[in-house]
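Count along the sequence shown starting at 1, add 90, and that's the number in the working numbering. Just so you know, even glycine gets a beta-carbon here, dropped at the ideal spot from N, CA and C. Data first, discussion second: the structure below is written as structure tokens.
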Amino acid sequence: MSQINIVENKPALLIDVFNDDKINRVLVISDLHIGNTYWLQNRDIAIDWYNIIKEIEIELSDVVISKKINSIVLLGDLKNNIYKVGKEDWNLIPNFLHSLSKICEVYLIPGNHDSGIGLITPENIHLIGVKGMVLDDILLTHGHTFPSELRSNINKIIMGHMHPTFFRENSVLNGQKIWIFLKVKKEAIFPSTKGLLDLVLLPSFNKYIYSNSKLKNKKANSPILKKILRKDFIDKCLIVSIDGTIIGNENILSDVLTTDFN
């Protein structure tokens with residue numbers, strides 16, 4: 091049995107897995123895009139990634155201690171360079187992962203930006219395949235690949251990849267990161283099944299990644315969303331700000347995703 095909750099005022103998800111009288115607490119974050127400048131507010135500013143990573147390490151350490159976390163799952167796009175391991179990646183990524191491994195177990199699920207990530211992943215990090223990992227009845231995946239029918243026994247999918255952001259001109263929330271919670275017909279993803287499945291879209295954990303325009307997110311897509319983003323497959327939708335405020339439902343999905351209904 092498992093339970094999921096958002097971490098207060100942070101783009102991070104907490105999963106409690108109950109085994110007999112023990113609770114395994116897992117922290118899930120996504121899309122750090124270390125080394126990236128494309129989504130930053132001002133690309134003319136020099137970015138000190140060493141300081142940014144240190145900030146992230148401190149923030150995660152505080153959460154791990156306060157929430158008594160047993161392990162962290164990095165849900166893909168840890169680095170930003172899609173096609174290769176960049177020059178800075180050779181120092182930034184291993185040092186970051188090594189620091190995290192000092193505070194808890196670390197699991198890394200590669201995203202579409204993580205090509206060659208195995209070359210720079212320390213041996214004590216659990217490097218998972220691109221299809222993701224199953225935790226109780228939950229599939230944890232980056233979101234750029236489609237789940238195998240062999241995973242049809244799961245009841246929840248947690249994914250990143252889409253950088254969910256609220257887009258509406260003249261709104262104080264324009265450009266703000268958000269959570270998207272969907273309840274969809276399971277057959278949309280696993281045709282041999284019936285019933286409903288929960289789908290959670292995580293915002294990027296990197297606070298320096300910012301967007302106030304759909305154009306910046308126009309290339310983001312997911313085979314999972316392509317299947318479920320049809321109105322007859324969506325049963326319920328809840329869109330929530332980082333501070334936990336409910337913003338809306340499926341009626342404003344067009345304001346938060348760039349993938350149109352098919």
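Shortest Cα-Cα distance from His123 to any of Asp227, Asn170, Pro101 and Asp110 involves Asn170. As the crow flies, the alpha-carbon of Val262 is around 12 Å from that of Ser331. Counted as a single uninterrupted DSSP element, the beta strand (DSSP E) harbouring Leu104 occupies residues Leu103 to Asn109. Ranked by Cα distance from Lys275, the first of Asn260, Phe323 and Leu289 is Phe323. Three or more beta-carbon pairs drawn from the region 278 to 286 and the region 310 to 321 are found closer than 8 Å, and the two stretches are therefore classed as touching. Bounds of the alpha helix (DSSP H) holding Ile148 are Trp139 to Lys157. A direct Cα-to-Cα measurement between Met91 and Ile244 gives close to 12 Å. The beta-carbon distance between Glu195 and Ser161, rounded to whole angstroms, is 4 Å. This is short enough to meet the 8 Å contact definition. Boundaries of the alpha helix (DSSP H) around Asn185: Asp179 to Ser191. Per DSSP, Lys316 is one residue of the alpha helix (DSSP H) stretching across Pro313 to Ile318.
For the pair Pro254 and Val346, the CB atoms are nearer than the 7 Å cut-off.
In the three-state DSSP reduction, Glu195 falls in the strand class (E or B). If you compare the alpha carbons of His188, Pro237 and Asp226 with that of His216, the shortest gap goes to His188. Looking only at Lys157, Ile143 and Asn202, the smallest Cα-Cα distance to Asn181 is reached by Ile143.
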